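Right, one structure below, let's go through it.
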Amino acid sequence: MAAPMAGPLTSCGRLFLRFSSSLLRDNGGNGQQFMLKIKPHRCLSISVARQRQQIKATSSLSDKPYTDEFLQEMDQEYQLGRRHLANMMGEDPETFTQEDVDRAISYLLPSGLHDKLARPMLKPPDQIFPKQKALQWGKDGRPFSFLFYTGKANYYSLMHEAARVLTQLNRHEDKMLAKGVLFPEPEPWPEFNKSVWIDKTAVEKMITESMDDHQYRRFVEMMEHIARHPYAKQSPQFIMRFRKELVAVSMKQQVQPLMYDGHGVAYMEADGRRKSARARVTLRDRGTGEVTVNGLPLISYLRNVQDREQVMLPLEFVDRLDQFDVEATVWWGGTTGQAGAIRLGISRALCSFLTETEIENMRLAGLLTSDLRRKERKKPGQKKARKKFSWRKR
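Under the UniProt record's numbering, residue 394 is the last one in the sequence shown; the count climbs by one each step, no gaps.
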C-alpha cells in the first residue's frame, strides 16, 4: 500500500519543480523491498522578489515576535537591573528614575563611541521594542478588516471613523435646523484653542503604519473640517485624541536674590560654559570696572582683542562698565571658549542687578543663551570636517 510523503521544493533559476514521492512496500517473500516513485509537476515561474514576499507573508501568519509574556519578562528584568544599579550607586531603588539610570551607566560604563546607539544602555521595554501592529488575519488566512487589501488598513479605518463623526454632526445640525435653530451660539472651548494637531510621526505611532505627506495632509484637512463644524463640541473626545497641548514656556529668566558680604556690598555668583570651557564668575557692586581672570588682569590673560570684547559685552550692553568688579575663575578649553564661558557667567550674574525690561533685552540679544555649538569632527577621506581634497584627474 502506498503511503504519500511530503514533497520537497527544489528551485533552479526561475523554474520550480515539485516532486511528489510515494513509497511502496512489498511484504512478499522473506525480505522487504522499497520502491520510490517520483512524479514531477510543472509549477509557475516566479521571481526571487515574489518568493521573498511569499516567505514574509507565510511567516507573518505566525504569532507576533514580541508577545505580552515576552514584554512582561523584559520589564521584570529591567526593574531588577534598575534596582541592582541603584544599590551599586547607593541610591534608593524606589526613587531611582530613568535619568539616574542613564547617569549611572555613563559613570560606571564610560564609552567613547561616536554613535549613541552603540553605547551601553538600560531602557524600559516599551522604548526598546517598537510598537507592533496586531495580527490582521485569522488562522485560515482571511483578513479581519475589509480595508486590509488597501495596504493601509489602519489609516483608512481612521479616515472612515472621521467621516462617520462628520456624518453624525451633520445629522445633528439637520435636527437643529428642523427645530428652527439656524445659528447655534458658539461655546467656549479653551482646550482646543490651547492645542495643535499632532505631527505625522505621532499619527504613524498611533496607527502603527507609515504614511506619506499627502495622506497626512488629507487627514489634517478632514480633522480641520470636523473642528470647524458648528457642533464640533459634540465630539470632543475624538477631536482631542489628535491634538497636543501647547506647553507654555516662560521666557522670564530666573533671577537669584542678591548676596551681601561682611561690608554690606552686594555681589552675585554664576556659572558659564562654552564648548569644553567652564567658568565661575563673581560680580561685585560698587566697583571700578576691574576684571580679573584666574588672578590676572583681563588684558594679561586674554591677548586677543576679540576675546576681551566678548567678556565685556554684557556690561557694555547695559551701560554699566564702571559699576561692577568681575572676578572669574576659568578652566579647560581654549581662549575663545573661556571668553564665551565668562561672558555667559557675567550675563547671568548681572540679572540680579537689573530690571525685568533690561533682562528681557539681554535675552533678546542672546546674552543669556548658552552656545551649544561644538567643533565638528574630521571625516575620514576628507581634509577637514567639511573641506574635501582637491580633485585631480590623475
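Every residue, glycine too, gets a C-beta built ideally from N, C-alpha and C. Owing to the predicted nature of the structure, the values given are computational and were not obtained by experimental measurement.
- Val165 sits in a helix when the DSSP states are folded into three classes.
- Here the alpha carbon of Gly295 sits roughly 30 Å from the alpha carbon of Glu358.
- Its Cα nearest to that of Leu367, the residue Ser347 stands out among Ser347, Arg373, Met223, Leu71.
- Of the candidates Cys351, Glu161, Lys387, the residue whose Cα lies closest to the Cα of Pro257 is Cys351.
- With fewer than 16 other beta carbons inside 10 angstroms of its own, Phe144 counts as exposed.
- Within the DSSP secondary-structure output, Gly272 pairs in a beta bridge with Ala279.
- Around the beta carbon of Leu302, 16 or more other beta carbons lie within 10 angstroms, which makes this residue buried.
- Secondary structure of Thr292 (DSSP, three-state): strand.
- Within a 10 Å sphere around the beta-carbon of Val305 sit fewer than 16 other beta-carbons, which makes this residue exposed.
- A direct Cα-Cα distance of roughly 13 Å separates His214 from Met159.
- Thr201: member of the alpha helix (DSSP H) spanning 200 to 207, first to last residue.
- The segment 269 to 276 makes contact with the segment 331 to 340: 3 or more CB pairs, one atom from each, lie closer than 8 Å.
- Rounded to the nearest angstrom, the Cβ distance from Gly345 to Ala232 is 51 Å, too far for a contact under 8 Å.
- Within the DSSP secondary-structure output, Met259 pairs in a beta bridge with Tyr267.
- In this structure, the beta-carbon distance from Glu191 to Met259 does not fall below 8 Å.
- In its chain, beyond the 5 residues on either side, Glu173, Pro184 have a beta carbon closer than 7 Å to the beta carbon of Pro230.
- With contacts defined by Cβ atoms closer than 8 Å, Pro120 and Asp75 do not form a contacting pair.
- In the structure shown, the three-state DSSP call for Pro380 is coil.
- Short of 7 Å from the beta carbon of Glu290, and not among the five residues preceding or following it, lie these beta carbons of its own chain, in chain order: Asp325.
- Where Arg243 is concerned, there is no enclosing alpha helix (DSSP H), although the beta strand (DSSP E) around it starts and stops at 243 to 245.
- For Thr329, the three-state secondary structure derived from DSSP is strand.
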